[in-house]
Structure formats: C-alpha cells, structure tokens
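Scroll down for the structure; my scribbles are underneath it.
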Amino acid sequence: MISILDYGAGNLKSVVNAFRFIGAEVEITHDAGRLMRAQAAVLPGVGSFGDAAASLRQSGLWQPALDFIAGGRPFLGICLGMQLLFEESEESPGVKGLSVFPGKICRIPDGDGLKIPHIGWNSLTLDQTDGLFRQVPDQSYVYFVHSYYLHSPERKIVSSHTQYGVTIDASVQAGNVFATQFHPEKSGQAGLQMLKNFARMAETGREGKGSC
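In the working numbering, the protein residues as written are 504 to 715.
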C-alpha cells in the first residue's frame, strides 16, 4: 500500500488517480499509524511553503513523515512536497522545512520575458538513470507549475535538471527518498513510468541507487 499524506495542502485527487491508473494500491491518509504501516509514502503539495509547513505540523504528520523516511521505505515528494524536504525557502523567510536535504528554495528570477509562475512543459536532462528514471528517456517532457526552484548545494542528489531562465534542479533522489519539482501525475507516459518505478520499489522494498 502506498499512502498519500493528506495534510490539507496537497492536490491529492490527480496523484491518486494516476497511481490507480497504473494499477498501484493507494490510500489517502492523515493518520500517522496508517502511514507507518504503508510500504511507501507520497508527500504532495500546492500553495505556499510557509502555509504547507504549518499544515504539515498541525496535521500531526511532520514527525511521522521524518520517521517514515528514517525507516528506509520509499518516499516521494511532489512539487511543493519536494521543496518541503529542504531547509528553507525564500517564499517564507524564517519557516523551516523538513531539512531532509540541505539547501534553500529560491524564487525564479524575473527577466528575459519569462512568465512567473513557470507553468508548462519542459524537457528533462537526466543526471541519474536509476530510481524514478528507469526506462525514462533523456529529454522527456514533464509538466511544471511553480515560482520557486532548487539549485542544490549537494550535487550528488540531483537526478535531473531543466532550464527556465536559470538551471532548475528538477528532481532529487538519495537512498529511499525521491522528489520532483514537476508533476509526474500530469506528465504523460514519462510521468506514469516514474510512478510505475516508484510503485515497483514500494512492492519490493528496494531503494534507488542515488547517493545519500
């Protein structure tokens, strides 16, 4: 069973529908006990960094999410769920993230006629080809909706990147933790393959090969 964390700040329906489309067994939960019994977990997110962090704390799932990650089972952060895995964001000064990884989320700079937020399809350059990206072609197009981005100080965890005025670290993976700035559930066949890869790791209990 894959648990989708319901903490009041996630676009749950599309994530659940995508996993069910590929035949994965999935549930939405706000119960820490059910989360800790799951084979894998997904942290989605929409809205602002500060509001999402507050909602995750108020839901009682903040520490269980960290405990789940520490337990070694596959964990996937999507969009704002990826940003929350880092220490802080320019969007919400003074608000701490889960700090699973070091680094700060920054605002995409204005200029060159780019529209902010960045909404639409961009191609991925793969830095890793295992984990989520098994059987996913390099330069696959995926769907983004965001105004803030990651440029990780820890380069070994970055699994793909894209360009939108600046270089955006589009995904990370290290050990049992995976995260994407883009929405795999809205990214066509490439995104579905990523979710299949994650569901397969949930079934087998295997981690990716990214460095931790």
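Even for Gly, the Cβ is constructed at its ideal location relative to N, Cα and C.
Subject >> Nearest to valine 645 (by Cα), restricted to the options Gln696, Glu590 and Ala543 >> reply: Counting from one through the sequence shown, the residue named residue 645 turns up at place 142. When each option's Cα is compared against that of valine 645, the closest is Gln696.
Subject >> Ordered list of beta strand (DSSP E) runs contained in the segment 576-634, each at least 3 residues >> reply: 578-581, 607-610 and 621-626
Subject >> Range of the contiguous beta strand (DSSP E) that encloses leucine 564 >> reply: Sequence index remark: in the sequence shown, residue 564 carries index 61 (1-based). Segment: none, leucine 564 is in no beta strand (DSSP E) and carries neither H nor E.
Original post:
Do leucine 617 and tyrosine 667 have their CB atoms nearer than 9 Å?
Top reply: Translated into the one-based positions of the sequence shown, residue 617 becomes position 114. Translated into the one-based positions of the sequence shown, residue 667 becomes position 164. Yes, the Cβ-Cβ distance between leucine 617 and tyrosine 667 is below 9 Å.
**OP:** Return the bridge partner residues of glutamate 706 from the DSSP annotation.
**Re:** In the sequence shown, the residue the question calls residue 706 occupies position 203. According to DSSP, glutamate 706 bridges with nothing at all.
Original post:
Can you tell me whether DSSP reads alanine 557 as helix, strand or coil?
Top reply: Along the sequence shown, one-based indexing puts residue 557 at 54. Correct three-state label for alanine 557: helix.
Subject >> Backbone CA spacing between glutamine 684 and glutamine 586 [nearest angstrom] >> reply: Numbered from its first residue, the sequence shown carries residue 684 at position 181. Numbered from its first residue, the sequence shown carries residue 586 at position 83. Going by the C-alpha atoms only, they are around 8 Å apart.
Subject >> Residue nearest to asparagine 625 in terms of C-alpha spacing, selected from Val680, Met504, Ala693 and Lys599 >> reply: Position 122 of the sequence shown, counting from 1, holds the residue named residue 625. Ranking Val680, Met504, Ala693 and Lys599 by Cα distance to asparagine 625 puts Ala693 first.
Original post:
What did DSSP end up calling phenylalanine 685 once you bin it into helix, strand or coil?
Top reply: If you number the sequence shown from 1, residue 685 lands on position 182. Three-state DSSP puts phenylalanine 685 in coil, outside helix and strand.
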